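Worksheet: the structure to be examined is printed underneath.
There are 2 protein chains.
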Amino acid sequence: MAESPYGRAGRPTLEAVAELAGVSRATASRVITGSPRVSAKSRAAVEAAVSELGYVPNLAARSLVTQRTDAVAVVVSEPESRVFTDPFFGAMIRGISRGLAAEGLQMLLLMVQSPEDAERAARFLSGGHVDGALMYSLHRSDPLPEVARQVGLPTAYGGRPWTNTGTELYVDADNRGGARNAVTYLRDQGRHAVATITGPLDQFVSIDRLAGFRDVFPDTRDELIVAADFTQEGGEVAMDLLLAQAPELDAVFCASDLMAAGALRSLRRHGRDVPGDIAVVGFDDHDQVARWTDPPLTTIHQDVELMGHELARLLATVLRGEPTPESLVMPTRLVVRASA
Amino acid sequence: MAESPYGRAGRPTLEAVAELAGVSRATASRVITGSPRVSAKSRAAVEAAVSELGYVPNLAARSLVTQRTDAVAVVVSEPESRVFTDPFFGAMIRGISRGLAAEGLQMLLLMVQSPEDAERAARFLSGGHVDGALMYSLHRSDPLPEVARQVGLPTAYGGRPWTNTGTELYVDADNRGGARNAVTYLRDQGRHAVATITGPLDQFVSIDRLAGFRDVFPDTRDELIVAADFTQEGGEVAMDLLLAQAPELDAVFCASDLMAAGALRSLRRHGRDVPGDIAVVGFDDHDQVARWTDPPLTTIHQDVELMGHELARLLATVLRGEPTPESLVMPTRLVVRASA
DNA sequence: GTGAAAGCGCTAACAA
DNA sequence: TTGTTAGCGCTTTCAC
Numbered sequence: 050m051a052e053s054p055y056g057r058a059g060r061p062t063l064e065a066v067a068e069l070a071g072v073s074r075a076t077a078s079r080v081i082t083g084s085p086r087v088s089a090k091s092r093a094a095v096e097a098a099v100s101e102l103g104y105v106p107n108l109a110a111r112s113l114v115t116q117r118t119d120a121v122a123v124v125v126s127e128p129e130s131r132v133f134t135d136p137f138f139g140a141m142i143r144g145i146s147r148g149l150a151a152e153g154l155q156m157l158l159l160m161v162q163s164p165e166d167a168e169r170a171a172r173f174l175s176g177g178h179v180d181g182a183l184m185y186s187l188h189r190s191d192p193l194p195e196v197a198r199q200v201g202l203p204t205a206y207g208g209r210p211w212t213n214t215g216t217e218l219y220v221d222a223d224n225r226g227g228a229r230n231a232v233t234y235l236r237d238q239g240r241h242a243v244a245t246i247t248g249p250l251d252q253f254v255s256i257d258r259l260a261g262f263r264d265v266f267p268d269t270r271d272e273l274i275v276a277a278d279f280t281q282e283g284g285e286v287a288m289d290l291l292l293a294q295a296p297e298l299d300a301v302f303c304a305s306d307l308m309a310a311g312a313l314r315s316l317r318r319h320g321r322d323v324p325g326d327i328a329v330v331g332f333d334d335h336d337q338v339a340r341w342t343d344p345p346l347t348t349i350h351q352d353v354e355l356m357g358h359e360l361a362r363l364l365a366t367v368l369r370g371e372p373t374p375e376s377l378v379m380p381t382r383l384v385v386r387a388s389a
Numbered sequence: 050m051a052e053s054p055y056g057r058a059g060r061p062t063l064e065a066v067a068e069l070a071g072v073s074r075a076t077a078s079r080v081i082t083g084s085p086r087v088s089a090k091s092r093a094a095v096e097a098a099v100s101e102l103g104y105v106p107n108l109a110a111r112s113l114v115t116q117r118t119d120a121v122a123v124v125v126s127e128p129e130s131r132v133f134t135d136p137f138f139g140a141m142i143r144g145i146s147r148g149l150a151a152e153g154l155q156m157l158l159l160m161v162q163s164p165e166d167a168e169r170a171a172r173f174l175s176g177g178h179v180d181g182a183l184m185y186s187l188h189r190s191d192p193l194p195e196v197a198r199q200v201g202l203p204t205a206y207g208g209r210p211w212t213n214t215g216t217e218l219y220v221d222a223d224n225r226g227g228a229r230n231a232v233t234y235l236r237d238q239g240r241h242a243v244a245t246i247t248g249p250l251d252q253f254v255s256i257d258r259l260a261g262f263r264d265v266f267p268d269t270r271d272e273l274i275v276a277a278d279f280t281q282e283g284g285e286v287a288m289d290l291l292l293a294q295a296p297e298l299d300a301v302f303c304a305s306d307l308m309a310a311g312a313l314r315s316l317r318r319h320g321r322d323v324p325g326d327i328a329v330v331g332f333d334d335h336d337q338v339a340r341w342t343d344p345p346l347t348t349i350h351q352d353v354e355l356m357g358h359e360l361a362r363l364l365a366t367v368l369r370g371e372p373t374p375e376s377l378v379m380p381t382r383l384v385v386r387a388s389a
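Protein chains in written order, with this note's numbering: chain E, 50 to 389; chain X, 50 to 389.
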């Protein structure tokens, strides 16, 4: 009796397909991989065999020889509470997902919440299971970019990365320009005691938005600057603090819509009218947030989904071996609603 | 000159480790895989070589021979807009992620939004890249459970699956009991024109919650039952409709907190007092929603994160080859706040 | 255009 | 305890 052309997992192997089609394994492989050097006859026979057997290539075997996996890891190392609360993450993943799909790449989402997770993720990234990685919302102490660099894994970043060899590929929003825009608008409205609620200052996104604020009000005293964590709760607490230590303020620029929503809550609680007493501007322009706050939020618009899409394209370009593309800085714009 | 013990990707192979440690590849492999049949001396030598070289096993090669990947796919086939808006998904993934991590399994999240995505996911699941799959929030027409069944991929479901061979493993909440509880509470409060806003009726979770409602009010007329889509917007529109076609209603049971939040919005717009004119009960008890609505939501509590965790454990048990565990139905309980 | 054969990097018998 | 050997399922020269 002949050797079984079925793998140990019970699924048909290329061997089985070749046998049924009456060709060699090599020819069957050529058909599967879409090589042009196959006769129409062989191709038809192999295709028939594939569908009759329900053959699906064993990806481990393939990637062992090709050294590729056609899969890309997306690393999100942020407390889960934020990932599923802040629309930013969803929009980013949506864009990445679509971009990757368009390039024929499978997206694998790795959520890293703890040092053990980071360890596991590092092993995964190093293990040759993916051709490249996408990382975003990185903090200064995140170890994964260094891991990727060491193992030579092609990586693209959402937001400017902390590692800086000058060769990192990234897609960023014009955070500084956007912030400058927002704060200029407040100033032009005649506000002169303008405060800001920043994100965590171990992220460039926060640093850049604060820099934009300072471009307009370089001499702002410390009482008007409070760092929070991009969450609604954080924004609310920060606003309480601002109100306590600088009661004369007449405007606040929040580095995210969610924090702005929290600030609005605090202001309502304190009986301050928005924008009458205090003007509020956010950053992000998330549909789910900015249009639903009371009053609706004046904010800086950025197209996060597009950023995710471009990020995926950038990495795909690198993976195809094409000349390294340029990093991208995406434009932002002010959207005026009722809060300022 | 000797053959290079470095793989084509430039990373050291087991061969290199073995050579540096002065042992055979087999012994090196034993150390890596944690076999006890190795002398302390060899073990030390191999471990030293591993860390000196920064060796990481090639997972494709390993899984080609072991037929395992130690990775599990989590399939979420729901419009992305819901996935990142409804806290349910985040909580579930968080629980799964922790459960899988505790079992030493890598989680791979596959988001399926379109038929092409489903196609790609099907190929991925069939390709031997994962040892098992977790699927939840399934609709009747989702093709992936059947794919998993056909290729014999161990799978566990969040919520009762539509495929029914009697052998499916699942973790579900006591949806019917919870709904019954909620509606009984409303009846006991003296409400007699009780309406309900259901989820999509191609999901068991919606069917079961509606069944619980009917357990208490079997003769409810059609005007008091409106199907929505689990979103806040859907809940709002559904409430508008209810108000129009059954203006006498004095209570409404919503099959999710998000829909309840939408209903509250509609009621406020129509100038109806909650709970004075109309009592509202939700389902889920999401921290991020139920405690923040105005008024805070009376709702049915379920521990979604725990469900995710148990789901992961169930699958891990199967993957270890242990006797198939029992499916789980998790308890729910009524949490009374201000809306009813 | 096609097949034979080599080998990707690893684990797991089987011997020693 | 250790090494030798035989593959896992696939792609890809290299001849024909």
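Using N, Cα and C, we set each Cβ at its ideal position, and we do this for glycine too.
Just so it is clear, the structure is predicted and the values come from calculations on it, not from any experiment.
By the rule that beta-carbons nearer than 7 angstroms mark a contact, S146(X) touches chain E.
In this chain, the beta strand (DSSP E) harbouring A328(E) covers A328 to D333.
In this structure, the beta-carbon distance from L63(E) to D119(E) does not fall below 7 angstroms. Pairing T373(E) with I349(E) gives a Cβ-Cβ distance that is not under 7 angstroms. Annotation for G59(X): no residue places its beta carbon closer than 7 angstroms to its own, counting only its chain and skipping 5 residues before and after. Counting the other Cβ atoms within 10 Å of the Cβ of E297(X) gives fewer than 16, which makes it exposed. Here DSSP, grouped into helix, strand and coil, assigns A276(E) to strand. Here the alpha carbon of E152(X) sits roughly 35 angstroms from the alpha carbon of G261(X). Contacts with chain E at 7 angstroms (Cβ-Cβ) do not include L364(X). When rounded, the separation of the alpha-carbon atoms in L273(E) and C303(E) is 12 angstroms. When rounded, the separation of the alpha-carbon atoms in R314(X) and E371(E) is 52 angstroms.
Nearest CB-CB separation between V105(X) and chain E: below the 7 angstroms threshold. Listed along the chain, the chain X residues whose CB falls inside 8 angstroms of the CB of D221(E) amount to none; the nearest CB is some 21 angstroms away. Nearest to L316(E) by C-alpha distance, out of M288(E), W341(E) and V200(E), is M288(E).
Around G284(E), the same chain offers I246, A277, C303, L307, M308, A309, A310, G311 and A312 as residues with beta carbons nearer than 7 angstroms, after the five sequence neighbours per side are excluded.
Taking all protein chains in view, the Cβ of S112(E) is crowded by 16 or more other Cβ atoms within 10 Å, so the residue is classified as buried. Using a CB distance cut-off of 7 angstroms, H178(E) counts as an interface residue toward chain X. Considered as a whole, the stretch 193 to 280 of chain E harbours 204 to 207, 218 to 222, 243 to 247 and 274 to 276 as its complete beta strand (DSSP E) runs of no fewer than 3 residues, in chain order.
With contacts defined as CB atoms closer than 7 angstroms, N224(X) and R258(X) qualify as a contacting pair. The beta-carbon of S175(X) is placed less than 7 angstroms from the nearest beta-carbon of chain E.
Inter-residue distance for E127(X) and A293(X) is about 30 angstroms (C-alpha atoms, whole angstroms). V123(X) and L157(X) do touch by the CB rule: their CB atoms are close to 7 angstroms apart, below 8 angstroms. Residue-level contact by beta carbon fails for L346(X) and chain E, as no gap is shorter than 7 angstroms. Note on geometry: alpha-carbon atoms of S100(X) and I81(X) lie some 12 angstroms from one another. Restricting attention to L149(X), R236(X), S146(X) and A182(X), the CA atom closest to the CA of P267(X) is found in R236(X). For F302(X), the pairing in a beta bridge is given by DSSP as T245(X) and V330(X).
Closest by C-alpha distance to G71(X), out of K90(X), P85(X) and R86(X), is K90(X). At least 7 angstroms separates the beta-carbon of A389(X) from that of V301(X). At the C-beta level, A109(X) and A109(E) come within 7 angstroms of one another. Across the set A67(E), L383(E) and S73(E), the C-alpha of L383(E) shows the shortest separation from the C-alpha of Y234(E). If you look at V367(X), you'll find it in the alpha helix (DSSP H) that goes V353 to L368. Within chain E, no residue has its CB atom less than 9 angstroms from the CB of Q294(X), the nearest being about 26 angstroms off.
Excluding its 5 nearest sequence neighbours in each direction, A228(E) has C-beta neighbours in its own chain below 6 angstroms: R258, G261 and F262, listed in chain order. Shown here is that no member of the stretch 304 to 327 of chain X has a Cβ falling below 7 angstroms from a Cβ of chain E. Near chain X, meaning a CB-to-CB distance below 9 angstroms, the residues of the stretch 192 to 204 of chain E are Q199, V200 and G201. Counting only residues of its own chain and dropping the five nearest sequence neighbours on each side, A94(E) has a CB closer than 8 angstroms to the CB of A70, G71 and V72.
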